[in-house]
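In the working numbering, the protein residues as written are -16 to 105. All residues carry an ideal CB built from backbone N, CA and C; glycine is no exception. This structure is a prediction, so every number in the text was calculated from the model and none was measured. Data first, discussion second: the structure below is written as structure tokens.
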């Protein structure tokens, strides 16, 4: 199944535009594979700013970027959103040492955690 088909139709255009903005800004070639915690973006009133948690991949590397979307007459304006620490780490396969800190923080919130490893990513 194509991951983009799992993204709500209302968020596909701003999501793709945000990826294009990120790629141009950082000279990358990521593609959109998903949007996390999109419910609040869907409930935002027309014309108001909202945030998108983009899951991006480029070959074997996947990252998460939290982007603030500001609708404009001619499209969208984007900025990095630094509101709070996300439940999903920005690097989906963090450097050694960060994983244990993240896991300890998540275990404080839940009784158990299931980790899925795929091609070296978690």
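Give the range of the alpha helix (DSSP H) segment to which residue i is assigned.
i          : result
residue 25 : 22 to 25
residue -4 : -8 to 9
Since residue i contacts residue j with CB under 8 Å, what's their CB separation in whole angstroms?
i          : j          : result
residue 49 : residue 34 : 6 Å
residue -6 : residue 24 : 6 Å
residue 21 : residue 2  : Rounded, the Cβ-Cβ distance is 15 Å, inconsistent with contact.
Per DSSP, residue i forms a beta bridge with which residues?
i          : result
residue 55 : 58
In or out: residue i buried (at least 16 other Cβ within 10 Å) or exposed?
i           : result
residue 38  : buried
residue -9  : exposed
residue 166 : There is simply no residue 166 to check, as the chain begins at -16 and stops at 105 in what is shown.
residue 61  : buried
residue 97  : exposed
residue 52  : buried
Between which two residues does the beta strand (DSSP E) carrying residue i extend?
i          : result
residue 99 : No beta strand (DSSP E) contains residue 99, which DSSP labels as neither H nor E.
residue 36 : 33 to 41
residue 30 : Careful: residue 30 lies outside any beta strand (DSSP E) and carries neither H nor E.
residue 65 : Here residue 65 belongs to no beta strand (DSSP E), and DSSP marks it neither H nor E.
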